[in-house]
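In our numbering, the protein residues as written are 43 to 176.
(1) Alpha carbon to alpha carbon, how far is residue 170 from residue 120? Give it in angstroms, no decimals.
(2) Quick check: what's the CA-CA separation for residue 126 versus residue 105?
(3) Does residue 63 pass the burial test, meaning 16 or more other C-beta atoms within 10 Å, or should it be called exposed?
(4) Enumerated in chain order, which unbroken segments of the beta strand (DSSP E) with a length of 3 residues or greater are wholly contained in the region 69-127?
(5) Can you tell me the Cα-Cα spacing of residue 66 and residue 145, whole angstroms?
(6) Whose C-beta lies closer than 8 Å to the C-beta of residue 46 among residues of the same chain, with five residues either side of it excluded?
(7) Using a Cβ-Cβ cut-off of 6 Å (strictly less than) and excluding sequence neighbours within five positions of residue 143, which residues of its own chain qualify?
(8) Please state the DSSP three-state secondary structure of residue 49.
(9) Please report the distance separating the alpha-carbon of residue 141 from that of residue 103.
(10) Closer than 7 Å by C-beta to residue 49: which residues in its own chain qualify, once you throw out the five before and the five after it? Chain order, please.
(11) Around the C-beta of residue 122, are 16 or more other C-beta atoms found within 10 angstroms, so that it is buried, or is it exposed?
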């Protein structure tokens, strides 16, 4: 039987490929861990990853958490998204962890953090998602 992370990785949208996204772990409670490859071309003039790309990583993690909880056929649509940047992101591999905080009807409330190799939070986000099913 294919595990949940493997099933979610099998459906890679173009943005996931651009961000170098791999889902490392996922469970049916809506907890996921992802890895992204922050490439040098993601950097701004200061040599750190541009904030919009960090936000895209967070949004991808939030969506993956909803899909883990609601099913791989779910298509979460962002209706609200709030990001807090804590420290700069350097090129290289970064992880994101996300969890569904609440899921009722077709609405999910989700939280995520991007963390560095030392486990320090780089950025965090919360989001409300409308859950569409195929």
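Ideal Cβ positions, reconstructed from N, Cα and C, are used throughout, including at glycine.
Please read all numbers here as calculations on a predicted model, not as lab measurements.
Well, looking at it:
(1) For the purposes of this step, residue 120 is taken as the residue at position 78 of the chain shown. For the purposes of this step, residue 170 is taken as the residue at position 128 of the chain shown. Cα to Cα, the separation comes out at about 6 Å.
(2) As a first step, residue 126 must be located in the chain shown, where it is residue number 84. As a first step, residue 105 must be located in the chain shown, where it is residue number 63. Between residue 126 and residue 105, the C-alpha separation is close to 18 Å.
(3) As a working note, residue 63 is residue 21 in the chain shown. Residue 63 is buried by the Cβ-count criterion.
(4) 73-80 and 116-127
(5) Within the chain shown, numbered from 1, the residue matching residue 66 stands at position 24. Within the chain shown, numbered from 1, the residue matching residue 145 stands at position 103. Their Cα atoms are separated by approximately 22 Å.
(6) Walking along the chain shown from the start, residue 46 turns up at place 4. Cβ within range, chain order: 68, 69, 70, 110 and 114.
(7) Translated into positions along the chain shown, residue 143 becomes position 101. Excluding sequence neighbours, residue 143 sits near 151 and 153.
(8) Position 7 of the chain shown holds residue 49. Helix, per DSSP.
(9) On the chain shown, residue 141 is found 99 positions in, with the first residue counted as 1. On the chain shown, residue 103 is found 61 positions in, with the first residue counted as 1. In a straight line, the C-alpha of residue 141 is about 9 Å away from that of residue 103.
(10) Here the question's residue 49 lines up with position 7 in the chain shown. Here the set comprises 114.
(11) Looking up residue 122 in the chain shown gives position 80. Burial call: exposed.
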